[in-house]
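Inspection log for the structure reproduced underneath, given as structure tokens.
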Amino acid sequence: MIIEEYLYYIILPILAVSVLLVFCRFVMGPSIADRVVALDLLITIGITLIAIYSIVYDQSTFLDIAMILGLIAFLSTVAFSYYLEKRNRKKREKQQREEQQDE
Numbered sequence: 200m201i202i203e204e205y206l207y208y209i210i211l212p213i214l215a216v217s218v219l220l221v222f223c224r225f226v227m228g229p230s231i232a233d234r235v236v237a238l239d240l241l242i243t244i245g246i247t248l249i250a251i252y253s254i255v256y257d258q259s260t261f262l263d264i265a266m267i268l269g270l271i272a273f274l275s276t277v278a279f280s281y282y283l284e285k286r287n288r289k290k291r292e293k294q295q296r297e298e299q300q301d302e
């Protein structure tokens, strides 16, 4: 079995199933954090698909695109975690003020 057959018959079906499962988590995720993690995983699977396309068709420029997409995904995850931390900090400060007023 050569690498192209391995990619076509084993890796791509696994990635297709994982895209479906992750997309279900993205749609049905109970919290916004679940949806962001699912979106990050979808982008990672997309990067993998781009890498497989690059290998099969011998197009190295697509690897550059995959790397840029990975950097964008990383920065968006960091920005979202910063947003969540800031939001949680405001909630804690508000609760502390309310507790101080009740005393």
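Note that the numbering used here has the sequence shown beginning at 200, numbered continuously upward.
No residue lacks a Cβ here, since even glycine has one placed at the ideal position from N, Cα and C.
Quantities reported herein were computed from a predicted structural model and do not represent experimental measurements.
Grab me the residues of T247's own chain with a C-beta within less than 7 Å of its C-beta, minus the 5 sequence neighbours each way, in chain order.
For T247, where only same-chain residues beyond five positions count, the Cβ hits under 7 Å are L214.
Among E298, E292, S253, whose alpha-carbon lies nearest the alpha-carbon of I202?
Closest option to I202, Cα to Cα, is S253.
Quick check on this structure: which residue in K290, T243, K289 has the alpha carbon closest to the alpha carbon of L270?
The shortest C-alpha separation from L270 is found at T243.
Could you spell out where the alpha helix (DSSP H) holding Y281 opens and where it closes?
Where Y281 is concerned, the enclosing alpha helix (DSSP H) stretches over 260 to 301.
When you compare only the Cα positions, how much space is there between T276 and V255?
It is roughly 30 Å from the alpha-carbon of T276 to the alpha-carbon of V255.
Nearest to L262 by CA position, among K289, A278, G245, is which residue?
For the residues K289, A278, G245, the minimum Cα distance to L262 belongs to G245.
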